[in-house]
Every structure is written in C-alpha cells, then in structure tokens.
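So the protein lines, in turn, are chains A and B.
So the first sequence is residues 1 to 291, counted in this note's numbering.
So the second sequence is residues 1001 to 1200, counted in this note's numbering.
Think of the CB as a built atom: it goes at the ideal place given N, C-alpha and C, for glycine as much as any other residue.
This report refers to the structure that appears directly beneath it.
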Amino acid sequence: MTTPIDDPPGPTEAGEAADDLDLEIDLLLEAIVRKYSYEFRDYARASLRRRIRGALDAFGFASVSELQHHVLRDRQVFTTLLSRLTVTVSAMFRDPGYYLALRREVLPMLATWPSLKIWVAGCSTGEEVYSLTILLDEAGLLERTHIYATDINPEALRTAAAGVYPLARLAQFTRNYQQAGGTRSLADYYTAAYGNAAFDRRLRARVTFSDHSLATDQVFAEVQFVSCRNVLIYFNSRLQDRAIGLFHDSLVMHGFLALGSHERVEGSTRARGFRAVSRKDRIYQKVPYAD
Amino acid sequence: MLTEAIAALHRQPPVLVAVGASAGAAQALGQLLPKLPPALPAAIVVVVHMPPGVPSALPALVRSLCPLSVVEVDDKMALEPGTVYTAVPDYHLLVDDGPTAALSADPPVARSRPSIDVLFESVAETCRERALGILLSGANDDGAAGLARMRAFGALTWVQRPDTAEMTAMPEAALARAPHLALAPAEMGDALAAWGRSHG
Chain A
1 MTTPIDDPPG
11 PTEAGEAADD
21 LDLEIDLLLE
31 AIVRKYSYEF
41 RDYARASLRR
51 RIRGALDAFG
61 FASVSELQHH
71 VLRDRQVFTT
81 LLSRLTVTVS
91 AMFRDPGYYL
101 ALRREVLPML
111 ATWPSLKIWV
121 AGCSTGEEVY
131 SLTILLDEAG
141 LLERTHIYAT
151 DINPEALRTA
161 AAGVYPLARL
171 AQFTRNYQQA
181 GGTRSLADYY
191 TAAYGNAAFD
201 RRLRARVTFS
211 DHSLATDQVF
221 AEVQFVSCRN
231 VLIYFNSRLQ
241 DRAIGLFHDS
251 LVMHGFLALG
261 SHERVEGSTR
271 ARGFRAVSRK
281 DRIYQKVPYA
291 D
Chain B
1001 MLTEAIAALH
1011 RQPPVLVAVG
1021 ASAGAAQALG
1031 QLLPKLPPAL
1041 PAAIVVVVHM
1051 PPGVPSALPA
1061 LVRSLCPLSV
1071 VEVDDKMALE
1081 PGTVYTAVPD
1091 YHLLVDDGPT
1101 AALSADPPVA
1111 RSRPSIDVLF
1121 ESVAETCRER
1131 ALGILLSGAN
1141 DDGAAGLARM
1151 RAFGALTWVQ
1161 RPDTAEMTAM
1171 PEAALARAPH
1181 LALAPAEMGD
1191 ALAAWGRSHG
C-alpha cells in the first residue's frame, strides 16, 4: 500500500539544507551591515532568498558562506551583490493608468502649492523620475518643482543621474507614455545617439539624486508628494512600517503618497493617517488622524 | 488514486494549496474549483500565466467557479483558509512566513511573470510539508522544477492527468521530473472536498 507518494512527513534533506541556507543568509546580512553599513535584515525573506541564490549562480559560488568570504575581502564583490539585491528594472510610465490618475487627480492639487518638493524614494535607475519630470513639465509645474530622488545603490544613482537609456527600450517607454496621456511626442524629451537616448538636461536640472536608506536614515525634507513604487514589496512588514512612517513624517498635511499597484498602507501603523485618493492606483493622501 | 489522495490530506493537512496552470487553465479550474467547500481549511493561491499590462480576468473566472471568497492578491496579505488568492499581472507571487503573500517585480522567468516555478519554490521553502502543490494544463514546462522542489520538502504534489488536460506539456514535464500523484481535476476537487468536509 505504501508508495513513495505516501511517505509520512518528516524532516527532509531539502528542509535541512534550507535551514542552513537561512542561517548562512543571516550571517551574510550581519557581515554586510557590520562591514559596509547596509541593512538588509528586514528585507522580505522569500524574495531575498531568490536574489541571493541568483547571485550565487552568477558569481559561481557554491554556498552563501563562500559568497560571504568574498564579500568581506573584495569590495567589488559587495558592489555587484548590492546591485543584485537592490536594483529593480522598471520602465518609464510603467502602469500608464497610474500616470493618468496622477495627471487627473494629483497634479491639479499639487498646482495649488506655490512651490513643490517631491521625494522619489528608491528611485533605482531613474525611469520613474524622468517620467514624473515629463508629467510635471506638461502640467506647467516643473519650473517650480524640486525632486529628491534617493536610493541606497550608488551605481543605480549614477545611471539615474546620467538619464541615458538604451534606444531598444524606448519603444516600450513611448507606448506607455502615449497610454499615460502624454500630450507631445516622447522623442521631444531626448536626443538619440550611439544606440542610446539621452534625456534632456532641462529635466535633470530639477532633480537632486542622493544616497538615502529607508532602513536606517531619517526624514530629510518636507514634501508635497512621495512616490515609492515597487520598493516596499522587497521589505518585510516591520521595514514597510518604518518606511511608511518616514513618508508620513515627510509629507505636509494633505500631501500625496503613491505606491506600486499592489502595495498598500492599510497594513501599517500609520494607515489611519492616510486616505485613499485612488485605491486602484494606490494613491493616498495624508490626513489628520481620526481617533 | 482518489482514496490515496484523501488519506494523504488527512495524514499531512496542508495550510496552503498552490495551484499553477497555463493554456487550458479555464477548463481544468472549471472542473476542480466547483467541488470545493466554502470552509476549506486551507488557503489557495493560484498562478495562471497572464499577459502584462492588462487587468487580470482570473478573479472573475475563479469567482464564477467556486463558493470560496476570491481576492486578487496584494503584497503582505495574510493568506487565510477558505479564500482563493489570485496572482496579479507583471509580478511574481511568492509565499512568505505567516503564510503571507509577497510580490516581486524581478525579471520574468522563462518569459513568465508571474511564474509558477517562483511560486512553488517559495511555497516549498516557506510551508515545506504543510502544503499541497497542484499543476494543471499548460503548453510549456513552467512549474515542473518548482513542484519537484515542493516534493523534496515533503509537500503533497498533484499533477493533472495528461489525458485529461487540454495542453499536456506542463503536466508531462512535471511527471517526467519527479513522482507526483496524477489525477483528473475533478478528482482533485473531490479529494479536497472530502477532506474539507471532515474538518468542517
């Protein structure tokens, strides 16, 4: 009667190996925070495991301990690992419907402030930042706006600051731009050369790119709008809560917060300090606490 | 096969049922889901390959097929028994401790995002033997590696019997890779119903 399929549950080799992997990951993250002051211990574990396993394959290391050995001795290995753990490749105007909602529901409100400060938290390689500057430009708001674009990865920040993307990606960016209600041609905003598209310095001039960690740093400015899209999904609940707390503290009363299309403030301790402007597009507004 | 499946569910009751499907999903789900009791004592997560950039038709389909509550998943959502959680376009769906849903915008795997392998892999590591993996009809080999991984962690693993599938490539790839119980979708539904009723 008993077939292999009927084996009763018990400790498996795979289970033991997974426990060891988690232990080694804990040690690696401890090593990283002590040596390089980057804090990954509150990253969501399931995604972190995937990314670390991907890094092992890419480096050709057999174990996380071996990776740790090299991370501690070779800054270049750490730099490469940092990118693998943090960089999310986005597209300009990803989720065009979200940008349409920004245009229609948020920009008219932002226009009522005499000058604007915007924080793009976790800007990665900058696609979101340039999308926003274009949107602001078309609403006539860019000249009175300053954007703080922050990330923990210096290499991603350099890419973002350069504002240069492979032309091969521009077809998708252009499609998104049009669906997002773009009023011109996306080509008006960049110069094509040598297989790349270099975005206008005029857009870049309104942006400060800087290093900031949602895990360890504090609020640095008072802003009317925070955009943090598809960053929180990589955090565990505790770190999400910290980040949403920073956004809440940074926002002026009635300022706006935009998250990724399946991220939410509802689970956080600050949930009562926000109301949903567009639940579908995950756009929230800071409101007085209703007790 | 059916009694074997029911006995296994009693021996190691899953807290989570992870379902993966691709081409032919509607037919397979249409035979499996209507059998489920509303008070099924496990959460169900469903990944079906879907195109990016358009709203998913999956929640409406699942809602039309079963009496359980159906939720399109958000990041960090607690996965509760008696509820079906559907994956969202353009994100991988993983299961993290809790169990909770965890989304990822990492690159597509074998051109799929959501990927069935990514779901199954995370379920294997998070839920171990307290999970049931179900792989249904499909025209590629997504899910085969992940289901083998679930099996290695002691989870129950069921594959749609290829002769009942609209597209056989996916079930066949899984069965070629590791020993899984092969069942018709209706039998899977019957087994879960029999187990669910005895728990209710």
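{"Item": "For B/Arg1113, name the three-state secondary structure that DSSP assigns.", "Value": "coil"}
{"Item": "Any beta-carbon of chain A closer than 8 Å to the one on B/Tyr1085?", "Value": "no"}
{"Item": "Could you tell me whether the Cβ of B/Pro1114 comes closer than 8 Å to any Cβ of chain A?", "Value": "no"}
{"Item": "In chain A, which residues lie less than 7 Å from B/Leu1094 when you measure between Cβ atoms?", "Value": "Ala46 and Ser47"}
{"Item": "Select from A/Gly126, A/Ala17 and A/Thr269 the residue whose C-alpha is nearest the C-alpha of B/Arg1128.", "Value": "A/Ala17"}
{"Item": "Does any C-beta atom of chain A lie closer than 8 Å to the C-beta of B/Asp1142?", "Value": "no"}
{"Item": "Tell me where the beta strand (DSSP E) around B/Val1019 begins and ends.", "Value": "Leu1016 to Ala1021"}
{"Item": "Within 8 Å, do at least three Cβ pairs link the stretch 119-130 of chain A to the stretch 190-209 of chain A?", "Value": "yes"}
{"Item": "Please work out which residues of its chain come closer than 6 Å, Cβ to Cβ, to B/Leu1147, disregarding the five sequence neighbours upstream and downstream, and give them in chain order.", "Value": "Phe1120, Gly1133, Leu1135, Thr1157 and Ala1174"}
{"Item": "Within the 8 Å Cβ cut-off, does A/Leu142 reach chain B?", "Value": "no"}
{"Item": "Looking at the strands, I want to know which residues DSSP matches up with A/Gly54.", "Value": "Beta-bridge pairing links A/Gly54 to no other residue."}
{"Item": "Who are the neighbours of A/Arg264 on chain B, taking C-beta pairs under 9 Å?", "Value": "Asp1074, Asp1075, Lys1076 and Met1077"}
{"Item": "For B/Pro1038, decide whether its Cβ has a neighbour in chain A, counting only Cβ atoms nearer than 8 Å.", "Value": "no"}
{"Item": "What are the residues that DSSP puts in a beta bridge with A/Asn196?", "Value": "A/Pro166 and A/Ala193"}
{"Item": "Using a Cβ distance threshold of 8 Å, determine whether the stretch 114-122 of chain A contacts the stretch 150-165 of chain A, with at least three qualifying pairs required.", "Value": "yes"}
{"Item": "Using a Cβ cut-off of 8 Å (strictly closer), state whether A/Ala221 contacts chain B.", "Value": "no"}
{"Item": "For A/Phe274, which option in A/Ser261, A/Ala101, A/Met253 and A/Asp281 has the closest C-alpha, if you only look at C-alpha atoms?", "Value": "A/Met253"}
{"Item": "Return the residues of the stretch 242-275 of chain A that lie within a Cβ-Cβ distance of less than 7 Å from chain B, sorted by chain order.", "Value": "His262, Glu263, Arg264 and Gly267"}
{"Item": "Excluding five sequence neighbours on each side, which residues of the same chain lie with their C-beta closer than 6 Å to the C-beta of B/Pro1089?", "Value": "Met1050, Pro1052 and Ser1056"}
{"Item": "From the DSSP output, read off the bridge partner residues of A/Val207.", "Value": "A/Ile147"}
{"Item": "Distance, Cα to Cα, B/Phe1153 vs A/Pro11?", "Value": "8 Å"}
{"Item": "Note down the Cα distance separating B/Val1019 from A/Leu141, rounded to an integer number of angstroms.", "Value": "48 Å"}
{"Item": "So within the stretch 216-279 of chain A, which uninterrupted alpha helix (DSSP H) runs reach at least 4 residues, ignoring any that extend past its ends?", "Value": "237-250"}
{"Item": "Chain B partners of A/Ala55, CB-CB under 8 Å?", "Value": "In chain order: nothing, as chain B lies at least about 12 Å away."}
{"Item": "Using DSSP's beta-bridge definition, name the partner residues of B/His1092.", "Value": "B/Ser1104"}
{"Item": "Quick check on B/Val1088 - is its C-beta less than 8 Å from some C-beta in chain A?", "Value": "yes"}
{"Item": "What's the gap between the Cα of B/Ala1165 and the Cα of B/Ala1028?", "Value": "7 Å"}
{"Item": "Ignoring anything shorter than 4 residues or poking outside the stretch 54-90 of chain A, list the alpha helix (DSSP H) runs there in chain order.", "Value": "64-73 and 75-86"}
{"Item": "Under 8 Å Cβ to Cβ from A/Gln218, same chain only, skipping five residues before and after it: list those, please.", "Value": "Leu246"}
{"Item": "Rounded to whole angstroms, how far is the Cβ of B/Ala1042 from the Cβ of B/Leu1058, which I believe are closer than 8 Å?", "Value": "B/Ala1042 to B/Leu1058, Cβ: 19 Å. No contact."}
{"Item": "In chain order, what residues of the same chain have a beta carbon less than 7 Å from the beta carbon of B/Pro1038, not counting five sequence neighbours either side?", "Value": "Pro1067, Leu1068 and Gly1082"}
{"Item": "Under the DSSP definition of a beta bridge, which residues are partnered with A/Tyr177?", "Value": "DSSP, once it has assigned bridges, lists no residue as partnering A/Tyr177."}
{"Item": "Going by beta carbon distance, what residues of the same chain come within less than 8 Å of A/Thr2, once the five residues before and after it are set aside?", "Value": "Because A/Thr2 carries a pLDDT of 40, less than 50, the predicted location of this residue cannot be relied on, and the following value inherits that uncertainty. Once the five neighbours on either side are set aside, A/Thr2 has no close Cβ partner at all."}
{"Item": "Verify whether the separation of the beta carbon atoms of B/Gly1189 and B/Leu1009 is less than 8 Å.", "Value": "no"}
{"Item": "Can you say whether A/Arg75 is buried or exposed, counting buried as having 16 or more other CB atoms within 10 angstroms of its CB?", "Value": "exposed"}
{"Item": "Report yes if the CB atom of A/Ala55 is closer than 8 Å to the CB atom of A/Leu81, and no otherwise.", "Value": "yes"}
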